[in-house]
Amino acid sequence: MKKLLLSTAILSSLASTSLFAATVYDQDNTQLKVGGRAEARANISDNNETIDNSSFKDKSRARINLKGKTKINESLGAFGTYEVEIGSGKNNTVNTRYLFAGLSTTVGNFSYGQQDSAQVMLTDYTDILATFGGDAADLTTGNQDKRENNFLYSGEFDALTVQANYIASNEKDDDSFGISGMYALPMGLDFGLGYTSGQQASAGLNSVDADQINLAIRYTVNAFMVSGLFTTGEIDNKDANGYELAAAYKLDQWVFQGVYNFQDVDSTDTENNVAIEAIYKLNKSFRTYAGYKFEQIDNKDDQLQFGLRYDF
């Protein structure tokens, strides 16, 4: 049990999503929480250069999220989540990240809306950085997070978590489904397996068949975490493979972490990079960070990214 609590603590400290929220309403079996972040950040890379633009690019943003839940009876409840992201600048963009609602029952949660696919709880094993990462996981669109028109089931049975989803796309011949399972051992070892299949739209072309299998493993001991994601699939009869390796170490107010991403489609490298970063947390609400991405593909340039983040 102590090792399980340690594992939970370090993974919470590494999470990129804000864990802070203020309860603004809590009575009559109904609760509403408000949270978010203000994040000033910038990216420096030759990738940003054009005729009109320099290598420096501001990527500042803010997020606001609302989470509510209510108890209907002893065996049934309801919940809803809305999260929006706002970019900086005069021509800032407002993007909905999550918008879903559902029912919580004694056998699990059922929800519909814009939410993560069933594979995201596995890809989160290695998608840990505040700056970069998560480049190799999504061979198919059915594997991605924040998918619209998404029906999701999630159930927790002691140390086993099971998820299944179906995406009913607005576009013709673009539906997909997926299932995944994750098991947590008390020694700090977690592992999971997932599968997604369906069709996906290809730019200017007809939809193609797309399938993907994910295998994830993570080990946490004291202040150290190491994880791996291995994925393989087939897109329009072309083989695709990828893997991500991640490691993190927490030292007082510092977090040091790094990832390696590799992906190839039809024997052509599409991702091959190493990213490292350091995070310094002044307190539970404010942090600063910097990361560097070393690209190994010839037509991609290295990147430096840094930022300041306040969670509320």
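Heads up, the sequence shown is in my numbering, so the first residue is 5 and it goes up one at a time.
From the three backbone atoms N, C-alpha and C, an ideal C-beta is built for every residue, glycine too.
Residues Q123, L126, S184, N218 of the same chain have their beta carbon placed closer than 6 Å to that of G198, with the five preceding and five following residues left out of the count. Excluding the 5 residues flanking it on each side, D305 has same chain C-beta neighbours closer than 7 Å at S49, D50, N51, E299, in chain order. For L193, the enclosing beta strand (DSSP E) stretches over residues 193-206. Taking the CA atoms as reference points, N287 sits about 10 Å from Y314. Residue burial annotation: T97 is exposed, with fewer than 16 other C-beta atoms found within 10 angstroms of its C-beta.
Using a Cβ distance threshold of 8 Å, E281 and Q307 do not count as a contacting pair. Between Y296 and G311, the CB-CB gap reaches or exceeds 8 Å.
Annotation: the continuous alpha helix (DSSP H) that includes T127 extends over 124-127. Across the set E87, G246, G182, the C-alpha of E87 shows the shortest separation from the C-alpha of R101. DSSP, read as helix, strand or coil, puts N147 in helix. Between the region 261-273 and the region 161-171, the count of C-beta pairs closer than 8 Å stays below three; the two stretches do not touch. Beyond the five residues adjoining it in sequence on each side, D139 comes within less than 8 Å, by CB distance, of E248, N265, Q267, E275, N277 in the same chain, given in chain order.
Going by C-alpha positions, D162 is about 33 Å away from T135. For the options Y157, R151, S158, the alpha carbon positioned closest to that of A172 is the one of R151. Between T144 and I55, the gap from beta carbon to beta carbon reaches 8 Å or more.
Put simply, the backbone Cα of K63 is about 42 Å away from that of I76. The Cβ atoms of Y116 and N147 do not sit closer than 8 Å to each other. One thing to note: F60 has its Cβ no nearer than 8 Å to the Cβ of A42.
Ranked by Cα distance from T235, the options A26, A252, I301, A220 are led by A220.
In terms of Cα proximity to A279, the closest of A44, F24, D131 is D131. CA-to-CA, the gap between E78 and L107 works out to about 13 Å. Each of T74, I68, R67, F24 was checked against the Cα of L36, and the nearest Cα belongs to T74. Runs of the beta strand (DSSP E) lying entirely within the region 83-130, each at least 3 residues long, are 98-109, 112-119 in chain order.
In terms of Cβ geometry, G40 and N69 form a close pair [threshold 8 Å]. Of all alpha-carbon atoms in I283, A66, L103, the one lying nearest the alpha-carbon of F83 is that of L103.
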